[in-house]
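Engineer: First the structure, which I've put down as structure tokens, then a few questions once you've had a look.
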Amino acid sequence: MAVLPILQFEDKIAETVAENPVVVIIGETGSGKSTQLSQILHRRGYTRSGAIAVTQPRRVAAVTVARRVAFELGSRLGEEVGYAIRFEDRTSDKTCIKYLTDGCLLRESLSNPELNQYSVIILDEAHERSLNTDILLGLMKRLINRRSSNLKVLITSATLDGVKVSKFFSGCPVLNIPGTLFPVEKLYSTERPTNYVECCMKTALDVHVHEPPGDVLIFMTGQDDIDKMVFKLEERIQNLEEGSCMDAVVFPLHGSLPPELQIRVFSPAPPNCRRFIVATNIAETSLTVDGVVYVIDSGFVKQRQYNPSTGMYSLDIVQISRVQADQRAGRAGRTRPGKCYRLYPRTVYDEEFLDATIPEIQRSSLAGSVLYLKSISLSDIDILKFDFLDPPSRESLEDALRQLYLIDAIDENGEITEIGKAMAELPLEPSLSRTLIEANELGCLSQALTVTSMLSAEVAIRPTHSKIKEKKRKQSFSKLPDGSGWGDHIQLLQVYESWDRADYDPNWCTDNDLQVRSMMFSKDVRKQLSQIVQKIGKGPLDVESAMRLKKSDKDYKKLRRALCRGYGNQLAERMLLHNGYHTLGYRSQLVQVHPSSVLEADEDGQLPDYVVYHELINTSRPFMRNLCAVEISWVQPILKKLEKMNIDKLSGGSGASENNETIENETISSPKQAVDASAKVMALCWETLKRSCLTRLCHGH
DNA sequence: GAGCACTGC
């Protein structure tokens with residue numbers, strides 16, 4: 007086997023690193039950068055003054071690369087070479103090359119902001135621009151100034167982004183390391199198809215009939231399209247004339263597929279048989295399928311985005327970027343020259359696609375990240391001026407500050423509070439960490455740990471419609487609890503407690519249509535949270551007991567009260583006379599209860615007056631997902647706080663945001679969105695809502 | 001009366 011390309015550049019790399027605090031490495035696929043950079047610097051003596059940290063955006067990558075490097079150095083994993091990922095730390099005093107997820111390094115900088123144990127920090131796959139990598143990039147820039155004499159930072163990036171990263175680090179050198187990819191011929195469509203599934207299928211059949219052996223990887227946007235495609239493709243292949251071409255098998259590949267079905271794509275095709283793998287962008291970076299020679303690229307991807315002006319998430323189908331398109335094409339050139347069929351014209355690639363995907367930091371709610379930055383004990387961070395490679399909008403940062411203020415993580419001047427510091431220690435969204443802290447005060451910590459773990463693991467409970475229920479009962483399956491009418495958080499608690507009573511049997515999950523993977527994950531999260539809470543808590547904590555329902559709190563009052571405090575930034579009030587809600591915040595939105603909710607109406611058919619929600623999601627309409635009923639007396643203090651809120655003070659007075667007009671216009675969405683109410687009732691609600699919002703918005707009046 | 005790309009602490 008040929009020597010890895012990167013080793014021919016060893017002297018050049020060592021020389022450049024010696025002379026510069028920051029170096030950008032553009033390492034193409036197959037260059038060996040992930041395994042070799044650390045070893046090169048190890049050989050050059052950088053591990054004498056500290057360890058080398060290499061971050062990866064994914065857990066599996068951190069583990070497999072660490073294994074490989076340990077093997078190459080002939081040492082046992084966890085000794086000289088180790089890795090750290092959530093729930094698992096395989097390092098020791100001897101470890102001098104440490105692979106870890108970017109999130110883990112970020113956590114480490116919480117207790118040691120200068121990261122003094124490291125002489126070298128390598129941010130690998132930085133071009134993927136994960137939220138954590140972006141924050142690390144900003145922190146590295148600061149750190150370089152403070153530790154210029156004894157820290158080296160290496161950043162690996164994609165071709166299109168190298169110059170930008172270099173500029174960010176005041177023009178640091180950029181080294182290009184060629185890869186070992188085979189050439190991939192790109193074939194463009196003359197126009198964009200109107201029906202993607204159909205067009206993908208035609209192209210796939212074309213390849214099958216006319217092209218020599220080699221597997222086909224098809225990129226689509228989601229499970230629905232994939233399932234359709236798999237079904238149709240199998241049908242069409244069966245109808246092909248016997249003996250006219252080789253055999254074929256078709257596999258779907260996406261994230262919600264159970265692991266045992268995902269693994270199928272790793273076994274090679276039987277002789278004289280072509281494999282078709284119909285995948286989401288999971289096959290772009292996370293999973294590498296061997297044997298692929300042909301790629302069919304739809305040019306689209308499903309992306310979750312957060313809108314800071316409404317506080318809502320949406321899941322949109324958007325065009326991919328050029329970096330993404332090239333990454334997809336590259337999947338065809340791993341074993342020999344390949345072909346990539348792009349179902350869009352060349353001009354679309356050149357003129358419409360963005361250079362790179364919009365970084366996650368510009369598509370997410372930043373409450374957690376802002377809290378994190380505020381909690382790092384380096385005094386000179388002004389969050390609105392923090393130096394990001396691609397800064398998030400001011401609106402997004404202000405949204406984060408408002409949210410943090412409402413849940414007591416920062417005070418009215420934007421300073422982090424004691425509560426905020428404790429919250430930052432917990433690997434949870436701020437609302438959930440606030441809930442835990444309040445639950446500890448109120449004496450329902452154990453229950454809150456369960457709920458937050460279940461939400462954190464995103465456990466999905468499938469609706470048990472009457473038909474399914476009947477069927478299950480006949481099969482003597484247990485029936486899942488329903489939250490006793492209080493809502494989805496309580497249901498999650500009850501489901502976990504049932505699983506606990508079933509001794510955490512995986513079969514119990516399968517029987518109840520729950521994903522084993524996510525239930526196991528929530529158990530891990532719960533254990534980790536318990537440990538952290540015990541470490542940071544003062545006084546005795548009740549984390550293990552009370553798994554079973556306590557008589558004294560059968561309507562979950564304490565827990566719901568803790569949730570109300572934690573979700574102080576996610577409250578909603580029911581509209582008069584019907585079951586629509588408006589959110590109670592600095593921008594009120596008209597929203598509906600998501601139909602999947604188990605929240606119950608009273609005997610008059612009315613839903614609770616006040617609820618807290620876990621998230622707002624805009625699909626066919628704006629919905630609140632995961633709800634819990636709360637009481638008005640718990641809500642009132644939060645509303646008082648809302649009235650006092652002043653964004654200029656929160657953002658440290660750096661710049662005014664006095665655009666009241668904008669706020670007013672954006673605050674209230676169109677009355678059209680309100681449903682099942684007569685025009686009169688609607689108008690009444692509208693006025694009430696508008697008035698109450700305006701009162702709340704005019705601070706000081 | 002709806003619908004879930006992908007990661008991760």
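Take the first sequence: its letter number 521 is residue 527 in our numbering, and every next letter is one higher.
Glycine included, every Cβ here is placed at the ideal spot set by N, Cα and C.
Over what stretch of residues does the alpha helix (DSSP H) that includes Asn138 continue unbroken?
Structural biologist: Note, Asn138: alpha helix (DSSP H), Leu137 to Arg152.
Engineer: Let me check understanding here. Comparing Cα to Cα, which of Val299, Asp517 and Asp230 lies closest to Tyr202?
Structural biologist: Nearest option by C-alpha distance: Asp230.
Engineer: When the Cα atoms are used, what is the spatial distance from Lys485 to Ile623?
Structural biologist: For Lys485 and Ile623, the distance between alpha carbons rounds to 28 Å.
Engineer: Compute the Euclidean distance between the alpha carbons of Ile243 and Ala335, then round it to the nearest angstrom.
Structural biologist: Each residue's Cα considered, the two are about 24 Å apart.
Engineer: Buried or exposed: Val69, going by 16 or more other Cβ atoms within 10 Å of its Cβ?
Structural biologist: When all chains shown are included, Val69 counts as buried.
Engineer: Mind checking Arg507: buried by the 16 CB within 10 Å criterion, or exposed?
Structural biologist: That one is exposed.
Engineer: So, under 8 Å CB-CB, Ile183 and Pro11 are touching, yes? Tell me the CB distance rounded to an integer number of Å.
Structural biologist: Correct: roughly 6 Å between the Cβ atoms.
Engineer: In this structure, what does DSSP give as the bridge partners for Thr107?
Structural biologist: Bridge partners of Thr107: Gln62.
Engineer: Should Asn665 go down as buried or exposed, given a rule of 16 or more other Cβ atoms within 10 Å for buried?
Structural biologist: In this prediction, Asn665 scores a pLDDT of 39, lower than 50, which makes its location untrustworthy; the coordinate-derived value is nonetheless stated afterwards. Exposed.
Engineer: Looking only at C-alpha atoms, which of Met526, Ser44 and Arg468 sits nearest to Asn518?
Structural biologist: Comparing Cα positions, the closest option is Arg468.
Engineer: Report the three-state DSSP secondary structure of Ala635 (helix, strand or coil).
Structural biologist: Strand at Ala635.
Engineer: Could you check whether Ser327 and Leu293 sit closer than 7 Å to each other, using their CB atoms as the reference points?
Structural biologist: No; because the gap between Cβ atoms is not below 7 Å, this pair is not in contact.
Engineer: Does the region 311–328 touch the region 244–255, meaning 3 or more C-beta pairs lie closer than 8 Å?
Structural biologist: With a cut-off of 8 Å, the region 311–328 and the region 244–255 do not count as touching, because too few Cβ pairs lie within range.
Engineer: Could you tell me the alpha carbon to alpha carbon distance between Asn585 and Pro628, rounded to whole angstroms?
Structural biologist: Cα to Cα, the separation comes out at about 14 Å.
Engineer: Quick check: what's the CA-CA separation for Pro265 versus Asn513?
Structural biologist: Looking at the two C-alpha atoms, the distance is approximately 15 Å.
Engineer: Nearest-angstrom Cα distance between Ile644 and Arg580?
Structural biologist: Approximately 17 Å, taken between the alpha carbons.
Engineer: Excluding the 5 residues flanking Phe15 on each side, which residues of the same chain have their C-beta closer than 8 Å to its C-beta?
Structural biologist: Answer for Phe15: Leu181 and Ile183, listed in chain order.
Engineer: Using C-beta distances below 6 Å, list every residue in its chain close to Phe527, excluding the 5 sequence neighbours before and after it, in chain order.
Structural biologist: Same-chain partners within the cutoff: Ala463.
Engineer: DSSP on His588, reduced to helix/strand/coil?
Structural biologist: In the structure shown, His588 sits in a strand (DSSP, three-state: E or B).
Engineer: Verify whether the separation of the beta carbon atoms of Ala4 and Ile542 is less than 7 Å.
Structural biologist: An answer regarding residue 4 cannot be provided, because it is not within the stretch 7 to 707 covered by the chain.
Engineer: Note down, one range per segment and in chain order, each beta strand (DSSP E) of at least 3 residues found wholly within the region 214–269.
Structural biologist: Fully enclosed beta strand (DSSP E) runs of 3 or longer: 221–225 and 253–259.
Engineer: What's the call for Gly51, buried or exposed, on a 16-neighbour Cβ count within 10 Å?
Structural biologist: Label assigned to Gly51: exposed.
Engineer: From Val457 to Pro433, what does the alpha carbon distance come to, in whole angstroms?
Structural biologist: Roughly 14 Å between the two C-alpha positions.
Engineer: State the start and end residues of the unbroken beta strand (DSSP E) segment that holds Val539.
Structural biologist: Per DSSP, Val539 belongs to no beta strand (DSSP E); it is in the alpha helix (DSSP H), Val522 to Ile542.
Engineer: On the CB-based measure, 16 or more other CB atoms within 10 Å of its CB, does Ser626 come out buried or exposed?
Structural biologist: Ser626 comes out exposed.
Engineer: In angstroms with no decimal places, state the Cα-to-Cα distance between Ile413 and Asn575.
Structural biologist: The straight-line gap from Cα to Cα measures roughly 7 Å.
Engineer: Can you give me the Cβ contacts of Asp530 inside the same chain, cut-off strictly under 7 Å, excluding the 5 residues immediately before and after it?
Structural biologist: Phe93, listed in sequence order.
Engineer: What runs of the beta strand (DSSP E), each 3 residues or longer, lie entirely inside the region 318–375?
Structural biologist: Taking only runs of at least 3 residues, the beta strand (DSSP E) segments lying wholly in the region 318–375 are 318–325 and 344–348.
Engineer: Within 10 Å of its beta-carbon, does Ser594 have 16 or more other beta-carbons around it, so buried, or fewer, so exposed?
Structural biologist: Buried.
Engineer: My output table needs one value for Cys205: the three-state DSSP class, helix, strand or coil.
Structural biologist: Looking at Cys205 - three-state DSSP - the assignment turns out to be helix.
Engineer: Would you list the residues sitting across from Phe306 in a DSSP beta bridge?
Structural biologist: Beta-bridge pairing links Phe306 to Gln325.
Engineer: Return the CA-CA distance between Tyr378 and Ser437, expressed in angstroms with no decimal places.
Structural biologist: Those two C-alpha atoms are separated by around 14 Å.
Engineer: How would you label Thr353, buried or exposed, when you count the other beta carbons within 10 angstroms and need 16 or more for buried?
Structural biologist: With fewer than 16 other Cβ atoms within 10 Å, it is exposed.
Engineer: Determine the burial state of Ile19: buried for a count of at least 16 other Cβ atoms within 10 Å of its Cβ, exposed for fewer.
Structural biologist: It is buried - the Cβ of Ile19 has at least 16 other Cβ atoms within 10 Å.
Engineer: Determine whether the beta carbon atoms of Ile5 and Val30 lie at a separation below 7 Å.
Structural biologist: Look at the range of the chain in this structure, 7 to 707, and you will see that residue 5 is not part of it.
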